[in-house]
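Student: After the structure tokens below, expect a handful of questions from me.
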Amino acid sequence: MANQKNQSSLLRKLAVSLIAIQFSLDSCVYLSNVIQYIQTLESKNPEHYLSVLQAVSAAVQVASSFFIGNIAEWVGSIKWIIIILYFLSFAGNFLYSCGGAISLNTLLGGRIVCGTASASAAIVYSYITSVAQERNAIFELLTSYRTSAGIFMALGQLVAILFALCDFKVGNYRITSYNAPTFASSFMILIVGVFLAVLLEDPKIAKSDGKKGSLLGAWRQFFDAPARKVFACLILLWTMFLSTLIVSEVLYFMPVFLTLQVHWKTEYEGAAFMVAAFLGVAGSFLAPNLVKMMSERESSENSLLKKGRSSEDTKVMIPIEQLRADVFYRNQVLLSIFALLIFLAGQALIIAASEALSHNALPPTNSGILFVAGLSIVMVGYNCLGSSIPAIFSTHIDPKLKVRLMPCIGAISGIGKLVAPIVFGALYKTCLGLPIGVGLGMILVGISIPPLIWLLMKKY
């Protein structure tokens with residue numbers, strides 16, 4: 006029986022890890038060569054078009070992520086929604102890769118389709134909370150997802166580096182470093198989609214029934230909860246938004262800084278991001294191990310039963326399972342606070358890299374390395390939050406609403422991706438440039454720490 010349970014757990018982790026491939030490849034493979042790709046199409050302002058490309062794609066991701074849970078309930082299957090999103094990703098990457106032979110608008114069209122497919126990063130939360138019920142199991146699956154996403158982001162850069170060496174023609178169409186990586190990743194995603202069709206479970210979900218089954222109906226039920234619980238959920242949603250905003254900020258500045266200021270080639274930039282992504286995976290390994298270690302130590306220090314007071318002022322006994330759940334919750338919030346502090350350290354290094362380059366305090370290569378170090382630290386914090394925040398959020402949600410509301414975590418993340426290129430692209434054009442953009446990010450991180458401390462002090 007134990008072996009069967011372990012086997013089932015391993016298969017779930019494998020399936021969740023494979024779900025991460027599409028979002029990871031779509032998010033990063035195109036980044037290392039996108040500026041050059043846009044320049045080859047004779048764009049006079051590649052930085053502006055990059056911000057448009059990222060913002061429109063993110064807007065589509067947000068819209069699809071908000072409604073993907075409702076669509077899954079309407080269809081009656083989470084599994085087949087994920088498979089459909091994978092095939093959309095294949096189509097989007099293929100269109101993006103071939104777009105250079107047509108126009109800039111075709112590039113945009115490809116990224117719009119990929120943005121729709123990136124709703125897989127939202128529906129995965131519904132899938133995880135549907136196939137697993139225990140807090141520990143949910144946290145482990147979320148950690149597996151974040152770890153895999155980080156690893157595949159790094160491997161995505163390996164794809165970008167290797168296929169950047171391609172340079173040949175098929176008829177009048179040129180295959181080169183700008184489009185070969187996304188062309189290859191489209192077929193990788195297609196193959197993984199076929200594997201997922203076999204591996205994924207198809208958890209039973211109730212089909213939506215009219216207005217009560219709508220997204221608006223779910224949010225109405227959500228806001229009918231006690232005010233403290235609603236406020237706690239809003240804090241968690243803001244923190245999830247912030248985490249994606251910050252990582253999107255540094256990913257926006259990465260090609261701008263490394264390509265246009267440091268003048269690194271595609272291969273070097275891809276290698277730099279691959280290193281940063283691999284180092285960032287440490288956050289995914291760090292998150293569960295820290296929480297588990299701290300929780301086990303605190304639980305062992307407590308007695309098996311803890312005395313409490315009932316409303317009649319008589320002594321009642323609280324079981325050890327409840328104590329462990331409380332300790333586990335508290336340590337997840339502590340981890341989230343720690344992740345925000347990591348964000349501050351990483352962003353400080355990025356500002357230092359920019360200032361060192363502008364004042365000739367360091368050679369361009371050294372400034373680039375310092376930027377990558379800051380990016381790596383930010384990725385560590387991002388992966389920590391990516392594991393802890395959805396797990397905490399799921400404990401506050403009515404189980405009947407999870408299929409519809411859990412994808413909102415992904416949608417809120419998408420808003421961060423949408424806002425980042427608009428805000429930071431505008432700030433980059435000012436006389437202060439990159440430092441003022443990253444500085445704004447640091448301010449937002451700083452003011453987000455006190456609400457999490459409040460959450461730590463409250464018990465639900």
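Just so we're on the same page, the working numbering is the position in the sequence shown counted from 1, plus 5.
Note that beta-carbon positions come from the ideal geometry of N, C-alpha and C, so glycine has one too.
Bear in mind the structure is a predicted one, so any value in this text is a computation, not a measurement.
Using the three-state DSSP reduction, which class does Met279 fall into: helix, strand or coil?
Tutor: Correct three-state label for Met279: helix.
Student: With the cut-off set at 8 Å, would you say Phe267 and Ser372 are in Cβ contact?
Tutor: It is worth fixing the name first, because residue 267 is Val in this sequence and not Phe. Yes. Within cutoff.
Student: Pull up the DSSP beta-bridge partners for Phe173, would you.
Tutor: Paired residue(s): Ile180.
Student: List the endpoints of the continuous alpha helix (DSSP H) containing Thr370.
Tutor: Start and end: 369 to 400.
Student: Where does the unbroken alpha helix (DSSP H) through Glu206 begin, and where does it stop?
Tutor: It is not in any alpha helix (DSSP H) - Glu206 carries neither H nor E in the DSSP assignment.
Student: Using beta-carbon positions only, say whether Gln41 and Ser123 come within less than 8 Å of one another.
Tutor: For Gln41 and Ser123, no; Cβs fall outside 8 Å.
Student: Tell me whether Phe173 is buried or exposed, calling it buried when 16 or more other Cβ atoms sit within 10 Å of its Cβ.
Tutor: Classification of Phe173: exposed, given that the 10 Å Cβ count is below 16.
Student: Check Glu139 in the structure and name its three-state DSSP category.
Tutor: In the structure shown, Glu139 sits in coil (DSSP, three-state: anything other than H, G, I, E or B).
Student: Using only CA atoms, which one of Val383, Ile26, Leu36 lies nearest to Pro260?
Tutor: Considering only alpha carbons, the answer is Leu36.
Student: Can you tell me whether Ile76 is helix, strand or coil according to DSSP?
Tutor: Three-state DSSP puts Ile76 in a helix.
Student: Excluding the 5 residues flanking Ile143 on each side, which residues of the same chain have their C-beta closer than 7 Å to its C-beta?
Tutor: Excluding positions up to five away in sequence, the list reads Ile133, Thr134, Ala137, Ala396, Ser399.
Student: Considering only the alpha carbon of each residue, which of Ser153, Ser102, Ala202, Leu93 lies closest to Cys389?
Tutor: The option with the nearest alpha carbon to Cys389 is Ser153.
Student: With H, G and I counted as helix, E and B as strand and the rest as coil, what does DSSP make of Gly115?
Tutor: The answer is helix: DSSP assigns Gly115 an H, G or I state.
Student: Would you identify the three-state DSSP class for Tyr150, choosing helix, strand or coil?
Tutor: Three-state result, Tyr150: helix.
Student: Using 8 Å for Cβ pairs, my map puts Leu23 next to Leu201. What's the rounded Cβ distance?
Tutor: Their Cβ separation, rounded to whole angstroms, is 6 Å, which keeps Leu23 and Leu201 in contact under 8 Å.
Student: Which runs of the alpha helix (DSSP H) fall wholly inside the region 28 to 102 and span at least 4 residues, in chain order?
Tutor: The qualifying runs are 39 to 45, 51 to 80.
Student: To the nearest angstrom, how far is it from the Cα of Asn11 to the Cα of Lys18?
Tutor: Their Cα atoms are separated by approximately 11 Å.
Student: Does DSSP classify Gly198 as helix, strand or coil?
Tutor: Looking at Gly198 - three-state DSSP - the assignment turns out to be helix.
Student: I'd like the span of the alpha helix (DSSP H) that includes Phe262, first residue to last.
Tutor: That residue, Phe262, is in no alpha helix (DSSP H); it is neither H nor E in DSSP.
Student: Would you give the residue range spanned by the alpha helix (DSSP H) that Leu437 belongs to?
Tutor: Taken as a continuous stretch (DSSP letters only), Leu437 belongs to no alpha helix (DSSP H), as it is neither H nor E.
Student: Indicate whether the contact test is met: 3 or more Cβ pairs, each with one atom in the region 430 to 439 and one in the region 246 to 261, closer than 8 Å.
Tutor: Contact holds: three or more Cβ-Cβ distances are below 8 Å.
Student: Could you check if Phe192 is buried or exposed, using at least 16 other CB atoms within 10 Å of its CB as the buried criterion?
Tutor: Counting Cβ neighbours within 10 Å, Phe192 comes out exposed, since fewer than 16 surround it.
Student: Would Lys15 be called buried (16 or more neighbouring beta carbons within 10 Å of its own) or exposed?
Tutor: According to the sequence displayed, residue 15 carries Leu and not Lys. Looking at its Cβ environment, which holds fewer than 16 other Cβ atoms inside 10 Å, Leu15 is exposed.
Student: Between which residues of its own chain and Ser253 is the CB-CB distance below 6 Å, once the five residues before and five after are set aside?
Tutor: The residues are Gly421, Lys422, Ala425.
Student: Put Asp403 into one of helix, strand or coil per three-state DSSP.
Tutor: Asp403 falls in the coil class under three-state DSSP.
Student: Look at the Cβ atom of Gly415, then the Cβ atom of Ala127, and state whether they are nearer than 8 Å.
Tutor: Result yes, Cβ atoms of Gly415 and Ala127 sit closer than 8 Å.
Student: Since I believe Arg151 is in contact with Ser363 (beta carbons under 8 Å), could you give me their beta-carbon distance rounded to a whole number of angstroms?
Tutor: Actually they are not in contact, since the Cβ atoms of Ser363 and Arg151 sit about 34 Å apart, beyond 8 Å.
Student: Confirm, please, whether the CB-CB distance from Val385 to Ala277 is below 8 Å.
Tutor: Not in contact: Ala277 and Val385 (Cβ atoms no closer than 8 Å).
Student: At the level of alpha carbons, what is the spacing between Val39 and Tyr183?
Tutor: So the two alpha carbons sit approximately 7 Å from each other.
Student: Just to confirm before moving on: does the CB-CB distance between Val118 and Gly97 stay below 8 Å?
Tutor: Closer than 8 Å, so yes.
Student: Using the Cα positions of Ala358 and Leu375, report the straight-line distance between them to the nearest angstrom.
Tutor: Taking the straight line joining both Cα atoms gives about 5 Å.
Student: Can you say whether Ser289 is buried or exposed, counting buried as having 16 or more other CB atoms within 10 angstroms of its CB?
Tutor: Buried, by the Cβ-count rule.
Student: What's the gap between the Cα of Leu195 and the Cα of Leu239?
Tutor: So the two alpha carbons sit approximately 36 Å from each other.
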